[in-house]
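For the sequence shown, my numbering begins at 9 and goes up steadily by one.
Even for Gly, the Cβ is constructed at its ideal location relative to N, Cα and C.
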Amino acid sequence: MKKLFWMMVSAALMAANMATAGQVIEGKARVIDGDTIVVSGVKVRLNGVDAMELGTEAGQQAKAAMSKIVHRQTVTCELNGERSYDRMIGVCYANGNDVAAVLIANGYALDCARYSGGRYRKFETTAARRRLSQAGYCR
Numbered sequence: 009m010k011k012l013f014w015m016m017v018s019a020a021l022m023a024a025n026m027a028t029a030g031q032v033i034e035g036k037a038r039v040i041d042g043d044t045i046v047v048s049g050v051k052v053r054l055n056g057v058d059a060m061e062l063g064t065e066a067g068q069q070a071k072a073a074m075s076k077i078v079h080r081q082t083v084t085c086e087l088n089g090e091r092s093y094d095r096m097i098g099v100c101y102a103n104g105n106d107v108a109a110v111l112i113a114n115g116y117a118l119d120c121a122r123y124s125g126g127r128y129r130k131f132e133t134t135a136a137r138r139r140l141s142q143a144g145y146c147r
């Protein structure tokens with residue numbers, strides 16, 4: 009019986025992490041950092057977002073901002089089928105708003121045009137560009 013239980017748990021976890029292009033997931037989000045959340049058991053990296061790492065003050069601020077954006081909201085993520093390490097890549101929405109656009113417009117992250125196609129460039133603030141661009145992976 010235990011073996012069957014663990015096989016079912018394992019299958020459920022594998023299914024949650026095997027996303028395809030166009031797959032949509034929905035649920036409450038748990039925040040990992042400024043550009044990664046967990047929705048319905050799936051770790052999702054926001055497509056085209058360049059947020060600082062958690063080991064920096066700016067990274068901690070980005071995580072806190074992300075928490076405020078998704079707090080108590082049902083989050084919907086449209087996955088593109090690609091992966092970044094152990095995360096699926098997607099565009100996520102909370103309260104009808106693109107989470108990445110809100111994060112960037114509030115100065116906590118930058119657009120990563122090579123992945124977003126420039127989708128979020130118009131939301132970047134001058135102050136955020138000055139503060140974040142020298143350390144980001146996309147610049």
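query: Rounded straight-line distance, which links the Cα of Y116 to that of A136; result: 7 angstroms
query: Closest by C-alpha distance to L118, when choosing among G63, R95, A70; result: A70
query: Cβ-Cβ separation, R95 to R53 (assumed contact under 8 angstroms), whole Å; result: 4 angstroms
query: C-beta contact flag for A59 and Q81 at 8 angstroms; result: no
query: Contact set for L12: own chain, Cβ-Cβ below 7 angstroms, skip 5 residues either direction; result: Residue placement at L12 cannot be trusted, given a pLDDT of 44 that sits under 50; what the coordinates show is reported in the next sentence. Result list for L12: empty, nothing under 7 angstroms.
query: Touching by the beta-carbon criterion (3+ pairs, under 8 angstroms), the segment 81 to 91 and the segment 126 to 140; result: no
query: Status (buried if at least 16 other CB within 10 Å, exposed otherwise) for S48; result: exposed
query: Simplified DSSP state of L62, which is helix, strand or coil; result: coil
query: Proximity below 8 angstroms, CB of N55 to CB of S124; result: yes
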